[in-house]
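Here full-length UniProt numbering is used: the sequence shown runs in plain steps of one and ends on residue 394. What follows is a short report on a single structure.
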Amino acid sequence: MCPKTIFHIDMNAFFASCEQARDPGLKQIPLIVGGDPKTRRGIVLAASYDAKAYGVKTTMLIHEAMRLCPNGKVIAASHGLYVEMSKKVMAIFDNYTPLKQQVSIDEAFLDMTGSEHLFGEPIVAAKRIQEDILNQLDLPCSVGIANNKLLAKMASEYEKPMGITTLFEVDFREKIWPLEVGDLYGVGRKTVPKLRTMGIKTIGDLANAKVNVLVDVFGYKTGMYMHESANGIGTDMVDGSVEQPKSIGNEMTYSKDIKEMRLIQEEILLLADRVGYRLRRKMLSGKTVTVKLKYSDFTVMTRSKTLDAPTHHTEIIYETAMTLIHQAWSKKPIRLLGVTVSGFDASDYHQVSLFDMEMTTEKAEVDHMLDEIRNKYGYNSIKRATLLDKKPPK
Numbered sequence: 001m002c003p004k005t006i007f008h009i010d011m012n013a014f015f016a017s018c019e020q021a022r023d024p025g026l027k028q029i030p031l032i033v034g035g036d037p038k039t040r041r042g043i044v045l046a047a048s049y050d051a052k053a054y055g056v057k058t059t060m061l062i063h064e065a066m067r068l069c070p071n072g073k074v075i076a077a078s079h080g081l082y083v084e085m086s087k088k089v090m091a092i093f094d095n096y097t098p099l100k101q102q103v104s105i106d107e108a109f110l111d112m113t114g115s116e117h118l119f120g121e122p123i124v125a126a127k128r129i130q131e132d133i134l135n136q137l138d139l140p141c142s143v144g145i146a147n148n149k150l151l152a153k154m155a156s157e158y159e160k161p162m163g164i165t166t167l168f169e170v171d172f173r174e175k176i177w178p179l180e181v182g183d184l185y186g187v188g189r190k191t192v193p194k195l196r197t198m199g200i201k202t203i204g205d206l207a208n209a210k211v212n213v214l215v216d217v218f219g220y221k222t223g224m225y226m227h228e229s230a231n232g233i234g235t236d237m238v239d240g241s242v243e244q245p246k247s248i249g250n251e252m253t254y255s256k257d258i259k260e261m262r263l264i265q266e267e268i269l270l271l272a273d274r275v276g277y278r279l280r281r282k283m284l285s286g287k288t289v290t291v292k293l294k295y296s297d298f299t300v301m302t303r304s305k306t307l308d309a310p311t312h313h314t315e316i317i318y319e320t321a322m323t324l325i326h327q328a329w330s331k332k333p334i335r336l337l338g339v340t341v342s343g344f345d346a347s348d349y350h351q352v353s354l355f356d357m358e359m360t361t362e363k364a365e366v367d368h369m370l371d372e373i374r375n376k377y378g379y380n381s382i383k384r385a386t387l388l389d390k391k392p393p394k
């Protein structure tokens, strides 16, 4: 079987680029998106490349960013704009292949296998896609080209903005093995120190480490994934056919009964945080929040509430779930808690994005900050302060 040709296309500084496309005057100054422009409170959600040149980074406090880049301009995020621009970008991808897998608001995998007779060699096709997006939407992007999704993802990080990079197995060792182990996609920040104590500093070190040692330290799934990834092994399956779920939820079963409201609040926040993250990753928002309780006598109770507006906002999910708990909990010991959001509509994500901005609260901004870090380093790479000692739901 012939190797596949996989593209990973990553929009460059997407939020900032969208703002500059809407207002070209913003291209003349370093641009910082996020926080409150008047008080300069909050965090950086995105920065233009000229702002990044000053050291401005995503999740940095606004006042720290302005100290580094005093000539920069701070503007509030326009999440509705980003969703609309994302839809237009994905529509352009559809012109090139039906095999598209969107993985976030600003990136997607494309299976371009066998398309040479239509669009030219892979680098030529990548250039055409770049030019279409730039000409039609005034947005830059980088393209990684490889035989599997892992290598395509890593290749797209090589050159930004407007880069096109190939990364095939034949040159994987030369290009990738010398890099620091933390540069390998899927290796989180908490894992790097553990690897270093094992003498594993580069991706090449990880590739040549003994598999049984990695499995012993990190578990079978994580150990095998890291070893295979370090050797350039990854899936080439681009699947865009997954149907939209009817609900998204998480639940946890406890080895000991939960009897205190304080513990219930912590567990519900943990569940709401996970559900909110999953909703935003899938660009979904729902109007119905449901809680599930299983008592120590194995009886089960569920309660639901339908909101006036759809949400993917962790704080709203949490507050609604806790309202239901206060109304329904019979004070019996609890063995299981669950939180689910349902009632999706195609237009709901756009509506709730505007709704969140109207809330003028830092809570929505915290959601997006956490998402940025988790999308890059993994869900468990950062936690809310009240949940530091809690094990996250799967």
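Ideal Cβ placement from N, Cα and C applies to all residues, glycine included. This one's a predicted model, so the numbers in the text were calculated from it and none came from an experiment.
Range of the contiguous beta strand (DSSP E) that encloses residue i
i: C18; result: It is not in any beta strand (DSSP E) - C18 instead sits in the alpha helix (DSSP H) that spans F14 to R22.
i: T306; result: V300 to T311
i: G144; result: C141 to A146
i: Y254; result: S247 to I258
i: T290; result: G286 to Y295
i: L337; result: I334 to F344
i: F109; result: E107 to D111
i: Q102; result: K100 to S104
i: D216; result: It is not in any beta strand (DSSP E) - D216 instead sits in the alpha helix (DSSP H) that spans V211 to F218.
i: F7; result: I6 to M11
i: K73; result: K73 to I75
i: D31; result: Looking at the sequence shown, residue 31 is not Asp but Leu. L31 to V33 is the extent of the beta strand (DSSP E) around L31.
Nearest candidate by alpha-carbon position, reference residue i, set the options
i: I62; options: V83, V33 and Y54; result: V33
i: A321; options: L293, T299 and L26; result: L293
i: D10; options: Y295, T113 and S156; result: S156
i: A272; options: M112, I176, Y318 and I325; result: Y318
i: G343; options: G188, K282, N135 and P245; result: P245
i: I74; options: I176, G35 and W329; result: The residue you asked about is not Ile; residue 74 is Val in the sequence shown. Selected option, being the one with the closest Cα: G35.
i: D367; options: T113, V170, A207 and G42; result: G42
i: Y158; options: Y185, L134 and E260; result: Y185
i: Q327; options: K175, D345 and V291; result: V291
i: Q265; options: I334, D236, A207 and I248; result: I334
i: G240; options: K88, P98 and K52; result: P98
Distance, residue j Cα to residue i Cα
i: E131; j: L336; result: 52 Å
i: I203; j: V217; result: 17 Å
i: H227; j: R280; result: 30 Å
i: C18; j: F168; result: 32 Å
i: T222; j: Q28; result: 45 Å
i: E358; j: L307; result: Only weak support is given to the placement of E358: the predicted model assigns it a pLDDT of 39, under 50, and the value that follows is read from those uncertain coordinates. Computed Cα separation, rounded: 16 Å.
i: A77; j: F15; result: 8 Å
i: H8; j: G144; result: 5 Å
i: L31; j: I164; result: 24 Å
i: M261; j: K194; result: 36 Å
i: M112; j: S285; result: 31 Å
i: V213; j: I233; result: 19 Å
i: I176; j: V211; result: 19 Å
For residue i, the first and last residue of its enclosing alpha helix (DSSP H)
i: R189; result: No alpha helix (DSSP H) contains R189, which DSSP labels as neither H nor E.
i: L263; result: M261 to R281
i: V181; result: Note, V181: premise wrong, no alpha helix (DSSP H); not H, not E.
i: residue 400; result: The chain is shown only over 1 to 394; residue 400 falls outside these bounds and no answer can be derived.
i: V124; result: P122 to L137
i: K331; result: No alpha helix (DSSP H) contains K331, which DSSP labels as neither H nor E.
i: I203; result: I203 to A207
Cβ pair residue i, residue j closer than 8 Å
i: A46; j: T59; result: no
i: I6; j: A146; result: yes
i: E251; j: G338; result: yes
i: M85; j: Q102; result: no
i: F93; j: L110; result: yes
Any beta strand (DSSP E) of 3 or more consecutive residues that is wholly inside the stretch 37-61:
Correct list: empty.
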